[in-house]
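> Pasting a structure below so you can have a look.
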Amino acid sequence: MTGFDAFLLINSLSRQLVLDAQTCDAGVVSTVLGRPELAEWLAARSAAVVDDIAARVLARLQEQGPVDIDLALLRGVVQDNVNILLHLLANPDEVGTALPPHRTVSLIRALARSGMPLYDVVDAYLFAERRWIRACVAELTDLAEDVPSAFASVLYLLDLDRLFVEHNLRLLAGEYEQERIRWAEHGESLRSQAIEGLLSGNHAEVGSAEAALGYRLRRRHVAAIIWALDSAAGESDPIRFDGAISALAKALGAVGAPLVTSRDRSIRWFWLPVTDAPLDTAAIRDKLDSVDANLCIALGEPARGPDGFARSHRQAAAAYAVGKIAVPHGGRALVVPYQEVGAIAFLAADLDQAQDWVTQTLGRLALDAPRESELRGTLEAYLGSSRSVSAAARVLNCHRNTVHYRLSVAERLLGHPVSDSAHDLPLALAAARWLGAAVLVDPAAPPERE
Numbered sequence: 024m025t026g027f028d029a030f031l032l033i034n035s036l037s038r039q040l041v042l043d044a045q046t047c048d049a050g051v052v053s054t055v056l057g058r059p060e061l062a063e064w065l066a067a068r069s070a071a072v073v074d075d076i077a078a079r080v081l082a083r084l085q086e087q088g089p090v091d092i093d094l095a096l097l098r099g100v101v102q103d104n105v106n107i108l109l110h111l112l113a114n115p116d117e118v119g120t121a122l123p124p125h126r127t128v129s130l131i132r133a134l135a136r137s138g139m140p141l142y143d144v145v146d147a148y149l150f151a152e153r154r155w156i157r158a159c160v161a162e163l164t165d166l167a168e169d170v171p172s173a174f175a176s177v178l179y180l181l182d183l184d185r186l187f188v189e190h191n192l193r194l195l196a197g198e199y200e201q202e203r204i205r206w207a208e209h210g211e212s213l214r215s216q217a218i219e220g221l222l223s224g225n226h227a228e229v230g231s232a233e234a235a236l237g238y239r240l241r242r243r244h245v246a247a248i249i250w251a252l253d254s255a256a257g258e259s260d261p262i263r264f265d266g267a268i269s270a271l272a273k274a275l276g277a278v279g280a281p282l283v284t285s286r287d288r289s290i291r292w293f294w295l296p297v298t299d300a301p302l303d304t305a306a307i308r309d310k311l312d313s314v315d316a317n318l319c320i321a322l323g324e325p326a327r328g329p330d331g332f333a334r335s336h337r338q339a340a341a342a343y344a345v346g347k348i349a350v351p352h353g354g355r356a357l358v359v360p361y362q363e364v365g366a367i368a369f370l371a372a373d374l375d376q377a378q379d380w381v382t383q384t385l386g387r388l389a390l391d392a393p394r395e396s397e398l399r400g401t402l403e404a405y406l407g408s409s410r411s412v413s414a415a416a417r418v419l420n421c422h423r424n425t426v427h428y429r430l431s432v433a434e435r436l437l438g439h440p441v442s443d444s445a446h447d448l449p450l451a452l453a454a455a456r457w458l459g460a461a462v463l464v465d466p467a468a469p470p471e472r473e
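Sequential numbering from 24 applies to the sequence shown in the working numbering.
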């Protein structure tokens with residue numbers, strides 16, 4: 024049972040006092056419903072009743088938010104439905120085959136495109152139906168010659184109306200849901216075209232791209248790619264990405280809503296409008312840890328305007344190529360900033376060649392083992408601290424003599440002093456840290472012969 028079917032069931036159960044038409048005395052019912060006075064009254068009062076219902080329904084819809092509906096169109100929709108109900112009073116056997124009027128279907132589709140929830144649409148429809156029934160019941164009780172006739176006729180009218188409404192609403196709900204799907208697919212298609220155009224360098228129609236995306240391009244943005252380590256869970260629960268992106272927007276100090284596009288069920292591209300403040304990678308990692316440590320994010324550098332939109336994404340894509348190879352450490356979320364891995368991204372494009380270069384540069388320090396990993400970390404801290412042993416010791420939280428000792432061991436494994444490879448060494452160490460086993464030497468592998 025769908026949620027909409029459950030709604031109809033509850034609505035039906037709430038009206039159990041309505042008797043099946045077959046239990047009513049057909050003669051008594053026809054005495055009232057077939058009276059020419061009723062037809063005359065409906066003909067005379069129809070316009071006023073329809074005007075009243077249309078105005079009230081429009082006011083009810085406007086309570087839910089701004090709606091772009093012409094009152095004349097809404098009046099026509101109400102009139103069409105009243106005409107069908109009047110026809111069914113004389114032809115009740117047709118209630119199961121009656122189709123919603125064309126104008127009603129058009130209005131339902133327009134409301135679906137506007138984003139109005141189905142519940143509010145159904146509420147407005149039932150509100151209109153209740154107003155019409157109330158007007159009819161008031162007249163029926165005046166036309167009836169006695170209480171049993173009035174009671175039987177009202178129950179018959181309510182039962183017929185219930186059958187029509189439930190039948191009609193199922194058809195209209197189907198139209199609503201299909202239109203929402205069509206509109207979402209159309210909107211996603213326009214968004215995809217706009218994004219692809221911007222990424223390919225087509226900035227001639229920035230205004231139309233902004234309209235399609237609902238995102239301003241003439242500002243500073245940072246592009247990112249988010250994906251799941253546990254890809255199966257990522258495919259089954261896309262909501263986890265929404266929560267993470269929202270949290271990351273706060274960590275990055277976003278000044279507007281993100282632009283998000285799904286590449287498949289396990290990866291999202293997104294852009295965030297940001298200030299001129301530098302990216303805080305540590306804060307981003309902490310925020311991602313608190314949301315879902317199995318998610319990974321690759322970040323481009325902040326850049327401005329349509330060109331920056333594309334450039335930051337290219338950088339995020341390069342960081343993503345590194346991130347797909349990298350292994351998170353210590354159970355923490357993987358955050359891959361392009362600022363740290365930009366040069367490594369070129370190595371990630373050809374791992375065989377990258378491994379040859381890393382092992383040649385690091386020598387025996389390229390072994391994928393705990394001791395060598397510690398030595399590489401010490402060497403990176405030393406080089407990153409302007410070759411200050413004291414500063415490296417503070418970074419590593421150890422004694423400076425420990426740093427001295429590790430540096431001497433590292434130089435022995437390198438086969439030369441650190442100063443002899445001043446340019447290649449930092450890049451090789453960064454590649455070893457980010458790309459790990461993909462570029463390091465397996466300690467279980469047999470040594471290569473000279």
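C-beta: ideal position from N, C-alpha, C; glycine also.
Fair warning: this is a prediction, and the values are worked out from it, not measured in the lab.
Alpha helix (DSSP H) containing residue 449: first to last residue?
Here residue 449 refers to the residue found at position 426 of the sequence shown. Here the alpha helix (DSSP H) through residue 449 covers 447-458.
> Please state whether DSSP places residue 355 in a helix, a strand or coil.
Position 332 of the sequence shown, counting from 1, holds the residue named residue 355. Coil, per DSSP.
> For residue 247, write down the residues that DSSP places opposite it in a beta bridge.
On the sequence shown, position 224 is the one that residue 247 refers to. According to DSSP, which records beta bridges pairwise, residue 247 is partnered with 293, 322.
> Using 8 Å as the Cβ pair cut-off and three pairs as the minimum, do the stretch 234-244 and the stretch 285-296 touch?
Flag = yes, the stretch 234-244 and the stretch 285-296 touch.
> Are at least three pairs of beta-carbons, each pair with one atom in the stretch 340-357 and one in the stretch 423-434, less than 8 Å apart?
Counting Cβ pairs under 8 Å, fewer than three are found: no touch.
> Taking a contact to mean a Cβ-Cβ separation below 8 Å, would you say residue 102 touches residue 139 in this structure?
Here residue 102 refers to the residue found at position 79 of the sequence shown. Here residue 139 refers to the residue found at position 116 of the sequence shown. No.
> Taking all protein chains shown into account, do 16 or more other C-beta atoms lie within 10 angstroms of the C-beta of residue 114, making it buried, or fewer, making it exposed?
What you label residue 114 is simply residue 91 of the sequence shown in a count that begins at 1. Exposed: under 16 other Cβ atoms inside 10 Å.
> Comparing C-alpha positions only, which one of 228, 362, 134 sits nearest to residue 302?
As a working mapping, residue 302 is identified with position 279 in the sequence shown. Closest option to residue 302, Cα to Cα, is 362.
> Taking a contact to mean a Cβ-Cβ separation below 8 Å, would you say residue 155 touches residue 118 in this structure?
In the sequence shown, the residue the question calls residue 155 occupies position 132. In the sequence shown, the residue the question calls residue 118 occupies position 95. Contact flag unset, no.
> Does DSSP put residue 390 in a helix, a strand or coil?
Counted from its first residue, the sequence shown places residue 390 at position 367. Here residue 390 sits in strand by DSSP.
> Using CA coordinates, which residue listed in 344, 423, 406 is at the minimum distance from residue 413?
Start at 1 with the first residue of the sequence shown, and residue 413 comes out as number 390. With distances taken between Cα atoms, residue 413 lies closest to 423.
> So residue 105 is in the beta strand (DSSP E); what residue range does that whole segment cover?
Residue numbering aside, residue 105 sits at position 82 when the sequence shown is read from its first letter. No beta strand (DSSP E) holds residue 105; the alpha helix (DSSP H) holding it covers 94-113.
> Over the uninterrupted beta strand (DSSP E) stretch that includes residue 283, give me the two end residues.
Your numbering for residue 283 matches position 260 in the sequence shown. Counting along the chain, the beta strand (DSSP E) containing residue 283 begins and ends at 282-287.
> Under DSSP, the alpha helix (DSSP H) around residue 191 begins and ends at which residues?
For the purposes of this step, residue 191 is identified with residue 168 of the sequence shown, where counting begins at 1. Residue 191 -> alpha helix (DSSP H) spans 170-222.
> Please go through the same chain and pick out, in chain order, the residues whose beta-carbon is closer than 6 Å to the beta-carbon of residue 160, but skip the five residues on each side of it.
As a position in the sequence shown, residue 160 is number 137, starting the count at 1. Only 177 meet the Cβ criterion.
> Leaving out five residues before and five after residue 248 in sequence, what residues of the same chain have Cβ atoms less than 6 Å from its Cβ?
Within the sequence shown, numbered from 1, the residue matching residue 248 stands at position 225. Same-chain partners within the cutoff: 292, 321, 339, 343.
> With H, G and I counted as helix, E and B as strand and the rest as coil, what does DSSP make of residue 464?
In the sequence shown, the residue the question calls residue 464 occupies position 441. If DSSP states are grouped into helix, strand and coil, residue 464 belongs with the strands.
> Tell me whether the stretch 382-396 and the stretch 452-464 touch, counting them as touching only if at least three CB pairs, one residue from each stretch, are closer than 8 Å.
Touching, yes, given that three or more Cβ pairs across the two stretches are closer than 8 Å.
> I need the straight-line Cα distance from residue 384 to residue 396, nearest angstrom please.
Taking the first residue of the sequence shown as position 1, residue 384 is located at position 361. Taking the first residue of the sequence shown as position 1, residue 396 is located at position 373. Cα to Cα, the separation comes out at about 15 Å.
> To the nearest angstrom, how far is the alpha carbon of residue 137 from that of residue 90?
The count along the sequence shown starts at 1 and reaches residue 137 at position 114. The count along the sequence shown starts at 1 and reaches residue 90 at position 67. In a straight line, the C-alpha of residue 137 is about 8 Å away from that of residue 90.
> How should residue 308 be labelled, buried or exposed, when 16 other C-beta atoms within 10 angstroms of its C-beta is the threshold for buried?
Here residue 308 refers to the residue found at position 285 when the sequence shown is read from its first residue. With 16 or more Cβ atoms within 10 Å of its Cβ, residue 308 is classed as buried.
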